[in-house]
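Notes follow the structure.
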Amino acid sequence: MNQRPLPKATVGEPAAVIAEVFLPAAAKGPLLRRPRAVAMAERFGLDERAVRRLQKLHSRHPAGPVLLRLPFRHQALALAPDHLRYILGHSPAPFPTASSEKRAALAHFEPRNVLISHGPDRAARRRLQEQVLDAGHPVHQLAGHFMPIVRGEAEVLLRRAEPGGLDWAAFVESWDRILRRVVFGDHARDDRELTDMLTRLRADANWAFLNPRRTKLRNRFPTAIEERLAAAEEGSLARFMAGMDTSGKAAPVDQVPQWLFALGNAAMPASRTLAVLAARGEQAGPARQEARRDETGGRHLPYLRSCVLEVLRLWPTTPMILRQTTRSVQWEDGVMPARCGVLIFVPYFGRDDRHLDHAHDFRPGRGLEEEKPGGWPRIPFSDGPAACPGKQLTLLLTSAMLAHLLRDRQFTVAPHHDLAPGKPLPGTLDHFSLRLAVEPLPTE
Ligand code: HEM
12 MNQRPLPKAT
22 VGEPAAVIAE
32 VFLPAAAKGP
42 LLRRPRAVAM
52 AERFGLDERA
62 VRRLQKLHSR
72 HPAGPVLLRL
82 PFRHQALALA
92 PDHLRYILGH
102 SPAPFPTASS
112 EKRAALAHFE
122 PRNVLISHGP
132 DRAARRRLQE
142 QVLDAGHPVH
152 QLAGHFMPIV
162 RGEAEVLLRR
172 AEPGGLDWAA
182 FVESWDRILR
192 RVVFGDHARD
202 DRELTDMLTR
212 LRADANWAFL
222 NPRRTKLRNR
232 FPTAIEERLA
242 AAEEGSLARF
252 MAGMDTSGKA
262 APVDQVPQWL
272 FALGNAAMPA
282 SRTLAVLAAR
292 GEQAGPARQE
302 ARRDETGGRH
312 LPYLRSCVLE
322 VLRLWPTTPM
332 ILRQTTRSVQ
342 WEDGVMPARC
352 GVLIFVPYFG
362 RDDRHLDHAH
372 DFRPGRGLEE
382 EKPGGWPRIP
392 FSDGPAACPG
402 KQLTLLLTSA
412 MLAHLLRDRQ
422 FTVAPHHDLA
432 PGKPLPGTLD
442 HFSLRLAVEP
452 LPTE
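Numbering follows this note's numbering, with no gaps: position 205 of the sequence shown is 216.
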C-alpha cells in the first residue's frame with residue numbers, strides 16, 4: 012500500500028482549475044441559472060475551456076485522484092473512470108453526498124433533504140424518494156395521470172407558439188404547469204406563489220454560505236408545502252406519498268422541494284433537445300416517426316429518451332457532483348485525507364474527445380446502447396447508490412412532451428445558435444436565448 016498522499020497538482024494548476032472550472036460553474040448558478048453568465052459561457056467557450064483544462068491536468072497526472080492544494084481545504088479531482096466509479100459506488104460512505112458547500116446551499120430550502128442527510132436519516136429519506144418516484148421503473152405507476160397532463164399542456168403551448176414562435180419563457184411556463192400538476196394535482200396548475208418562493212430561495216442558495224438566510228421566507232416555505240400536501244389530488248406524487256410510511260426520519264416535507272427544483276431543471280434538456288432536433292433533420296425524422304407510431308400514450312419512446320440522454324451528455328444540468336470524505340481513503344497511488352472535497356466534473360466525462368468518438372456531436376443511438384463494462388461513464392444522473400432517483404420520471408415526461416410537440420409540427424431554430432450537422436456542438440447551449448419558429452408539417 013502506498014501511504015503517501017495522492018499526487019498533487021503543481022504550482023499554478025490549482026489557480027488555473029479554480030479560474031477555469033470552479034468559477035465559471037459557480038457563476039452560471041448551480042441552483043438557479045443566471046442568464047447573463049450562461050450567455051457569456053456560450054459566447055466565450057468557457058465550458059470547452061474547463062474540459063480542456065482537466066484533460067491537460069489528467070495527462071500530466073494520470074495517477075490519482077489528483078489533489079489540489081487550496082488554502083481552506085483539501086480538494087481532489089476524479090479524472091479517470093475507475094476513480095469516478097469507485098467514488099460513486101462508495102457513496103454515501105466514505106463519500107457522502109452531503110459536502111459542506113452542498114449542505115450550505117440546500118439548507119436554504121430543503122435542510123432535511125436526502126442529498127444532505129447522513130446515516131439512518133439518509134436511508135429513510137432515500138427509501139421514500141425511491142418509492143414516490145418509482146425509481147426502478149421506466150414508466151411511473153402514475154403515468155396514466157401524468158400523460159394526459161403533458162399532452163394537454165403541449166397543445167396549449169403549441170396554440171400559443173404557432174403565430175409568434177416558441178421561446179424559453181413560454182416553454183418554461185408550460186413546463187412549470189406540468190410539474191405542479193404532477194406534484195400536487197390539477198388545482199396547482201397556476202400556483203405560481205410556491206414556484207416564486209422557491210425561485211427566491213434558490214437564488215439565495217446559489218451563494219451557499221455567502222448569502223444571509225431569509226429567515227421569514229425560509230420559515231414560510233415548509234408551511235406553504237405542507238398546505239399543498241394537505242390539498243394534494245389523487246394521481247399526484249404528493250398524494251402517492253401520503254399513502255406511504257413517512258413516520259420517523261423520512262422528513263417528507265423536505266423531500267418535495269427537490270421534486271419541484273429538479274423537475275424544473277428538466278425543462279433545460281427538453282428545450283435543448285427540441286432545438287437540436289429542429290436543426291438536424293436526420294435525427295428529427297426518426298423522432299417524429301416514433302411520436303406518430305406511438306401506441307403507448309407517450310410511455311415508451313426509446314428514441315426520444317435517447318435524444319434527451321444525449322443532450323444531457325452534451326449539456327449536463329448538474330455539472331458538478333460533489334462528495335466529501337468522512338475518513339481517509341487508501342488509493343493505489345496514495346492516501347486521500349479525511350474531510351477532503353471531491354469533484355466529479357460531469358462535462359469532462361461527457362465531452363472527453365480523447366476517449367469518446369464524436370464527443371461534440373449529437374448521436375442519440377449512443378443512449379440506446381448498453382454502457383460497456385469499463386467504458387467511458389455516462390453520468391448526467393450520477394451513478395451508484397446515490398444516483399438520481401428521478402431519472403426515469405425525467406425521461407418519461409420530457410420524451411412525452413417532445414413527442415406531442417414534434418408529431419405534427421416543424422420547428423426551426425434561430426441561426427445564432429450554430430447547431431447544424433457537421434460542426435462540433437458548443438460546450439454551452441444558452442437555453443434562455445433559444446427561439447424556435449413553429450409551423451404545421453406540410454401535408455404529404
Ligand atoms: C434533468 C433532470 C435531472 C438531472 C440531470 C438530475 C441529476 C441528478 C444528479 C447528478 C444527482 C446526484 C447529485 C449528487 O450526488 O450530488 C441527483 C440526485 C437526486 N435527484 Fe435528480 N436529476 C434530474 C431530475 C430529477 C427529478 C425530476 C427528481 C425528482 C422528481 C430528482 C430527484 C433527485 C433526488 C431526490 C436526488 C438525491 C439522491 C440522493 O442523494 O440519494 N431528480 N439528480
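Ideal Cβ positions, reconstructed from N, Cα and C, are used throughout, including at glycine.
Source: prediction; values computed, not measured.
Distances taken from the Cβ of S393 to the heavy atoms of the ligand HEM include one shorter than 8 Å. DSSP places I332 inside the beta strand (DSSP E), whose first and last residues are 331 to 335. Checking the 8 Å criterion, the Cβ of W186 is out of range of every heavy atom belonging to the ligand HEM.
For the pair R225 and A181, the Cα-to-Cα distance works out to about 29 Å. Under the three-state reduction of DSSP, W342 is assigned to strand. In this structure, the alpha-carbon of G259 lies about 18 Å from that of L126. For G254, there is no enclosing alpha helix (DSSP H), since its DSSP letter is neither H nor E. Per DSSP, the unbroken beta strand (DSSP E) holding G352 starts and ends at 352 to 356. As the crow flies, the alpha-carbon of H94 is around 24 Å from that of H369.
Contact between M347 and A36 is absent: CB atoms are separated by about 22 Å, not below the 8 Å threshold. Excluding residues up to 5 positions away in sequence, N276, M279 lie with their Cβ nearer than 6 Å to the Cβ of T328 in the same chain.
Of the candidates R229, A411, V150, G401, the residue whose Cα lies closest to the Cα of L271 is G401. Judged by beta-carbon spacing, P25 lies beyond the 9 Å limit of A74, meaning their Cβ atoms are not closer than that value.
One alpha carbon belongs to R71, the other to L367, and they sit about 19 Å apart.
Residue side-chain check: L333 places its Cβ nearer than 8 Å to a non-hydrogen atom of the ligand HEM. Around the beta carbon of T307, a 10 Å sphere encloses fewer than 16 other beta carbons of the protein chains shown; the residue is thus reported as exposed. Here the alpha carbons of V319 and G147 stand approximately 19 Å from one another. Close CB contacts of L117 within its chain, under the 7 Å cut and outside five residues either way in sequence, are with N124, L126, I127, A216 (chain order).
For K383, the three-state secondary structure derived from DSSP is coil. For F106, the secondary structure class from DSSP, reduced to helix, strand or coil, is coil. DSSP places A448 within a strand segment (E or B) once states are collapsed to three. The alpha-carbon of A295 is positioned some 32 Å away from that of I355.
Rounded to the nearest whole angstrom, the CA to CA distance from V264 to P41 is 22 Å. Between the C-alpha atoms of R420 and E53 there is a straight-line separation of about 28 Å. Not one heavy atom of the ligand HEM falls within 8 Å of the beta-carbon of I29.
The shortest C-alpha to C-alpha distance from H69 to any of L57, D58, L90, G56 is the one to L90. Boundaries of the alpha helix (DSSP H) around F157: 154 to 175. Between A165 and the set L417, A431, D201, the nearest pair of CA atoms involves L417. Rounded to whole angstroms, the separation of the alpha carbons of W326 and G438 is 7 Å. The beta carbon of P16 lies closer than 6 Å to those of G345, V346 in the same chain, with the five residues before and after it left out. Contact check between the region 81 to 89 and the region 372 to 389: fewer than three CB pairs, one atom from each, fall below 8 Å, which does not count as touching. No Cβ-Cβ contact shorter than 9 Å links L406 with L248.
Ranked by how close their Cα comes to the Cα of A425, the residues L177, L57, K383, H119 have L177 in first place. Apart from sequence neighbours up to five positions away, no residue of its chain approaches R350 with a beta-carbon distance below 6 Å. Of H101, F195, V28, the smallest CA-CA separation from R334 is found for H101.
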